[in-house]
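Shown next, in structure tokens, is the structure this report addresses.
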Amino acid sequence: MRPNLRRERIEQVVRERERVTVDALAELLGTSRETIRRDLTELAERGRVRKIHGGATLAEPRLSDVEGEGSFQARLLQNAEAKRAIARRTIELFQAGDTLFVDTGTTTLWFAEELASATGLTVITNSAAIAGLAARGPSNSTFLIGGEYRADGTENLGPLAIEQISQFHAVHAVLAVGSVETVGILDFDVREADIARAMIAQARTITVLADASKFGRGGLIKVAPLDAIARVVTDADPPAEIAAALRTAGTEVIKA
77 MRPNLRRERI
87 EQVVRERERV
97 TVDALAELLG
107 TSRETIRRDL
117 TELAERGRVR
127 KIHGGATLAE
137 PRLSDVEGEG
147 SFQARLLQNA
157 EAKRAIARRT
167 IELFQAGDTL
177 FVDTGTTTLW
187 FAEELASATG
197 LTVITNSAAI
207 AGLAARGPSN
217 STFLIGGEYR
227 ADGTENLGPL
237 AIEQISQFHA
247 VHAVLAVGSV
257 ETVGILDFDV
267 READIARAMI
277 AQARTITVLA
287 DASKFGRGGL
297 IKVAPLDAIA
307 RVVTDADPPA
317 EIAAALRTAG
327 TEVIKA
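When you read off a place in the sequence shown, starting at 1, and then add 76, the result is the number in the working numbering.
Here's what the structure looks like:
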């Protein structure tokens, strides 16, 4: 097996199992432990896995791609395991040839970690960090929306960003969310809500990523009603009242 194919397979196994030993990889791939150790060293240097004693585990999120102050980085690590699980479940919903808007958010940044290993997707985003990760995926095409740059979150906002979004049409929009309520999805930032609305207007199917803390959180600005949302990917069952509203709206709930 060629080295690049072997390393792709190693990365796939780590992502599937979350933790794997050198011995297990050597047996699985029919190669020496020394070769596996060299492969893990290279993958770790590229940020694809995290090398541990005797094996490898999932890489930490690439926080070096997020240049902002502490608030966004702190939120990135809140409910990290739930967000990682949501991201891994969400990537399974897409296949090569799909086109995706992806807006700025901590959960969508975790999703971008999965895009970095996806193949053949077209990603349109207003987040510099998400664009950088998505562009690492083999044969992915990535478009970074311009506009006024906000360092905290590495995102572009404002009228120029909205105008550029209007020039694209995508099959999917994958959105972070401030809150999921019975009345719809809400946000706390006016300009981020404007970006989400613009992406919704230019996409056919809307997927919302929301960990359990987002249900009934009490968002400030309404982005869209529930019946505009095709599916919500989450890590837990929504509260009864919100679950009923989602069913009435015909919105699918997918648990990671």
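Glycine included, each C-beta is placed from N, C-alpha and C at the ideal position.
What residue range is occupied by the uninterrupted beta strand (DSSP E) comprising residue i?
i      : result
Lys298 : Ile297 to Ala300
Leu176 : Thr175 to Val178
Ile206 : Taken as a continuous stretch (DSSP letters only), Ile206 belongs to no beta strand (DSSP E), being part of the alpha helix (DSSP H) at Ala204 to Ala210.
Glu94  : Counting along the chain, Glu94 falls outside any beta strand (DSSP E), and DSSP gives it neither H nor E.
Thr310 : Arg307 to Thr310
Glu168 : Taken as a continuous stretch (DSSP letters only), Glu168 belongs to no beta strand (DSSP E), as it is neither H nor E.
Arg126 : Val125 to Ile128
How would you label residue i, buried or exposed, when you count the other beta carbons within 10 angstroms and need 16 or more for buried?
i      : result
Gly146 : Reliability fails at Gly146, whose pLDDT of 45 lies under 50, so the model's placement of it is uncertain and no value is given.
Ala320 : exposed
Val98  : buried
Ala163 : buried
Val199 : buried
Asn80  : exposed
Lys331 : exposed
Val142 : With a pLDDT of only 46 at Val142, under 50, the local geometry of the prediction cannot be trusted, and the value read off the model is given with reservation. Flag for Val142 reads buried.
Please name the residue, chosen from the options, that lies closest to residue i on a Cα-to-Cα basis.
i      : options                           : result
Asp265 : Val250, Ala249, Thr281 and Glu231 : Glu231
Gln278 : Ser242, Leu116 and Glu257         : Ser242
Thr180 : Val256, Arg226 and Leu105         : Arg226
Arg109 : His129, Glu121 and Glu94          : His129
In terms of residue numbering, what span does the alpha helix (DSSP H) encompassing residue i cover?
i      : result
Leu134 : Taken as a continuous stretch (DSSP letters only), Leu134 belongs to no alpha helix (DSSP H), being part of the beta strand (DSSP E) at Gly131 to Leu134.
Ile200 : Per DSSP, Ile200 belongs to no alpha helix (DSSP H); it is in the beta strand (DSSP E), Thr198 to Thr201.
Arg78  : Where Arg78 is concerned, there is no enclosing alpha helix (DSSP H), given that its DSSP letter is neither H nor E.
Ala100 : Val98 to Leu105
Using 7 Å as the cut-off, classify the Cβ of residue i as near or not near the heavy atoms of the ligand GDP, replying yes or no.
i      : result
Asn155 : Absence of the ligand GDP is noted for the structure shown, with no ligands found whatsoever.
Notebook entry, point to check: Do the stretch 307-316 and the stretch 278-288 meet, that is, are 3 or more Cβ pairs less than 8 Å apart?
Noted result: For the pair of segments examined, the stretch 307-316 was found to touch the stretch 278-288: the number of CB pairs separated by less than 8 Å reaches three.
Check: Which runs of the alpha helix (DSSP H) spanning at least 4 residues fall entirely within the stretch 214-297, listed in chain order?
Finding: If we require 4 residues or more, the alpha helix (DSSP H) runs fully inside the stretch 214-297 come out as 235-241 and 266-277.
Notebook entry, point to check: At a cut of 8 Å, does the stretch 298-307 reach the stretch 153-165 through at least three beta carbon pairs?
Noted result: No: fewer than three Cβ pairs fall under 8 Å.
Note to self: Would you call the stretch 176-191 in contact with the stretch 203-219, where contact means no fewer than 3 C-beta pairs closer than 8 Å?
What the structure shows: A contact exists between the stretch 176-191 and the stretch 203-219.
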